[in-house]
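Undergrad:
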Amino acid sequence: MSLKKHDLFINGQWVKPSSGDYITIKNPANGTEVASVAKGNAQDVDKAVAVARTAFGAWSRKTASARADYLYALEKLLVRDKEKLATIITSEMGKPIAEARVEVDFAAGLLRFAAENTRRLQGEIIPGEREGEKILIDRVPHGVVGGIAAWNFPLALCARKIGPALAAGNTIVIKPHELSPLSGLALAALAEEAGLPEGVLNVVTGDGPDVGVPLVAHKDVPLITMTGSTPAGKKIMAAAAEHLKEVRLELGGKAPFIVMEDADIDAAVEAAVSARFFNGGQVCTSNERTYVHEAVYDRFANSLRERVAKLKVGDPMQDGTDMGPKVSLAELEKVDAMVQKAVAQGAKLELGGHRLTGGAYDHGTYYAPTLLSNVKHGMDIVQNEVFGPVLSLLKVRDFDEALKLANDSQYGLSAYLFTKDLGRVLRMTRELEFGEVYVNRGAGEEPQGFHHGYKNSGLGGEDGQHGLEAYVQTKTVYLNA
1 MSLKKHDLFI NGQWVKPSSG DYITIKNPAN GTEVASVAKG NAQDVDKAVA
51 VARTAFGAWS RKTASARADY LYALEKLLVR DKEKLATIIT SEMGKPIAEA
101 RVEVDFAAGL LRFAAENTRR LQGEIIPGER EGEKILIDRV PHGVVGGIAA
151 WNFPLALCAR KIGPALAAGN TIVIKPHELS PLSGLALAAL AEEAGLPEGV
201 LNVVTGDGPD VGVPLVAHKD VPLITMTGST PAGKKIMAAA AEHLKEVRLE
251 LGGKAPFIVM EDADIDAAVE AAVSARFFNG GQVCTSNERT YVHEAVYDRF
301 ANSLRERVAK LKVGDPMQDG TDMGPKVSLA ELEKVDAMVQ KAVAQGAKLE
351 LGGHRLTGGA YDHGTYYAPT LLSNVKHGMD IVQNEVFGPV LSLLKVRDFD
401 EALKLANDSQ YGLSAYLFTK DLGRVLRMTR ELEFGEVYVN RGAGEEPQGF
451 HHGYKNSGLG GEDGQHGLEA YVQTKTVYLN A
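Taking UniProt numbering, the leading residue of the sequence shown gets 1, the next gets one more, and so forth.
#1: Residues in its own chain within less than 6 Å of Ala-42 by CB, not counting five upstream and five downstream?
#2: Hey, how far is the Cα of Tyr-471 from the Cα of Met-237?
#3: Measuring alpha carbon to alpha carbon, tell me which residue in His-451, Gln-318, Leu-391, Ala-29 is nearest Leu-249.
#4: Excluding the 5 residues preceding and the 5 following Tyr-297 in the sequence, name in chain order all residues of the same chain whose CB lies nearer than 6 Å to its CB.
#5: Please identify the residue among Thr-365, Lys-4, Ala-168, Leu-8 whose C-alpha is closest to the C-alpha of Arg-356.
#6: From what residue to what residue does the beta strand (DSSP E) around Asn-287 run?
#7: Can you give me the C-alpha to C-alpha distance between His-377 and Phe-257, rounded to a whole angstrom?
#8: Does the contact criterion of 3 or more C-beta pairs under 8 Å hold for the region 76-95 versus the region 184-197?
#9: I'd like to confirm the pairing. Which residues does DSSP put opposite Leu-371 in its beta bridges?
#10: Does the region 90-97 come close enough to the region 317-337 that 3 or more CB-CB pairs lie under 8 Å?
#11: Which residues in the same chain as Ala-481 place their Cβ atom closer than 7 Å to its Cβ, once the five residues preceding and following it in sequence are excluded?
#12: For Pro-209, count the other beta carbons within 10 Å of its own beta carbon; 16 or more makes it buried, fewer makes it exposed. Which is it?
#13: Quick one: what's got a C-beta closer than 6 Å to Thr-476's C-beta in the same chain, skipping five residues either side?
#14: Spatial neighbours of Met-1 within its chain, please: CB distance less than 8 Å, with the 5 preceding and 5 following residues excluded, ordered by chain position.
#15: Quick one: residues in its chain with C-beta nearer than 7 Å to the C-beta of Glu-124, no 5 flanking neighbours on either side, listed in chain order?
#16: On the three-state DSSP scale, how would you describe His-466?
#17: Return the CA-CA distance between Lys-245 and Phe-113, expressed in angstroms with no decimal places.
#18: Cα-Cα, which of Ile-172, Leu-468, Glu-436, Phe-399 is closest to Val-292?
#19: To the nearest angstrom, how far is the alpha carbon of Ala-150 from that of Gly-467?
#20: Excluding the 5 residues flanking Arg-299 on each side, which residues of the same chain have their C-beta closer than 8 Å to its C-beta?
#21: According to DSSP, is Met-323 helix, strand or coil?
#22: What does the alpha-carbon distance come out to for the pair Arg-427 and Phe-277?
#23: If you count every other CB in all the chains shown that lies within 10 Å of the CB of His-6, and 16 or more means buried, which is it?
#24: Under 7 Å, do Leu-179 and Val-327 count as touching if we go by C-beta distance?
Okay, here's the thing in structure tokens:
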């Protein structure tokens with residue numbers, strides 16, 4: 001039985017890649033081939049940018065309400081096809097089906113927020129210095145946006161870029177990640193069904209060197225929005241410098257999870273586990289280092305060990321599965337190497353620390369939920385992003401030490417704090433150097449929030465009104481009769 005071939009989506013048409021080559025997509029849960037997608041190149045990027053640039057004029061002149069109607073129509077189709085889309089996500093990157101459904105809901109929410117706020121991209125009127133003069137600060141779209149999505153949330157990350165870009169009047173060329181491109185292509189098919197005008201949304205699949213690099217370097221793409229690793233983000237920023245284009249980067253994280261002695265321990269344990277093992281730990285906001293006050297450390301650690309041991313790893317298409325496979329063998333081996341190095345540096349392996357084998361595990365890339373204790377702040381596993389199902393447990397003396405160690409990181413995306421002390425919460429708002437903080441709750445940003453990081457976690461941000469405004473630029477008009 002031949003695999004379904006997916007072509008590029010350019011100018012509202014499904015077109016074959018210039019190279020004639022296709023990439024095979026495999027299911028990490030069982031190794032089966034699920035589809036093949038076009039292997040685009042610079043020539044395909046040029047075609048997509050050209051049609052997006054042509055479409056920009058008519059699209060940017062549409063009223064805000066008209067653009068919103070297209071996004072509402074697309075959101076409605078996502079909701080209609082929720083189960084189908086969730087199955088695609090699970091088959092291409094191994095996310096448990098229950099979590100994939102959550103991702104579809106989040107993607108729909110992102111599109112809905114963008115649609116709701118097309119008319120809220122407001123300008124300003126300022127009194128001028130000349131008699132009768134008004135100074136207008138208008139907000140206008142950039143033009144063609146280049147979007148690059150990561151593999152861990154393949155549908156939501158595409159929606160996160162497409163929604164605000166189109167709401168603001170831009171057109172877009174988006175590159176899904178080569179490991180999980182099927183969700184982005186499915187979204188393009190729904191956009192076609194929604195009647196989106198030709199050239200407004202274009203999807204070019206392929207790898208980074210062949211598609212991502214020429215998209216970033218293209219002279220007719222004034223704004224690049226990318227979600228991915230910090231090293232990749234730095235390369236994009238350097239490449240974008242040639243044309244002085246605007247860059248929005250959502251990069252890596254190393255979230256501290258701080259548990260104080262007055263915390264609700266049961267709630268903190270549950271949140272620590274969900275924030276670490278959701279999507280197999282393949283989340284930039286994951287609980288990467290858990291700092292626990294010494295007064296409650298033993299109680300927390302015992303409860304945590306019991307909770308992690310109960311996690312069910314297996315077929316991601318089963319509703320009862322807590323964790324599926326790693327997205328690829330290369331990613332699994334990377335995580336395992338970090339765990340083994342941590343043990344060599346003195347960490348104690350409480351649970352896991354190995355690839356799962358036997359039976360169905362032999363056909364996929366499954367890694368055991370891993371718990372490390374006796375972890376010290378200077379260890380490599382505390383300094384570098386793990387991006388896998390590994391929870392590192394550290395003991396702290398007090399809130400001062402917790403804040404100091406939390407901030408001692410090259411990253412500054414997300415952080416967590418469990419305490420009942422309002423004074424500590426207020427102090428955290430001043431002293432914790434992270435773009436978003438979850439207080440007494442687990443992970444999960446909202447479409448109306450603002451998802452952004454400090455330091456090596458990126459530039460700019462996503463979501464909410466602040467994220468939407470990144471897709472426009474200001475124009476100052478000195479208006480006289």
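Each residue gets a CB set at the ideal place from its N, CA and C atoms; glycine is no exception. None of these values were measured; they are calculated from a predicted model.
TA: So, from the listed chains and residues:
#1: Pro-214
#2: 17 Å
#3: His-451
#4: Lys-395
#5: Just to set this straight, residue 356 is Leu in the shown sequence, not Arg. When only C-alpha atoms are compared, the closest one is Thr-365.
#6: 287-293
#7: 13 Å
#8: yes
#9: Leu-351, Leu-391
#10: yes
#11: Gly-132
#12: exposed
#13: Ile-137
#14: Note that Met-1 scores a pLDDT of 41, beneath 50, so its modelled location is shaky and nothing firm can be said.
#15: Ile-137
#16: helix
#17: 26 Å
#18: Phe-399
#19: 18 Å
#20: Ile-265
#21: strand
#22: 29 Å
#23: buried
#24: yes
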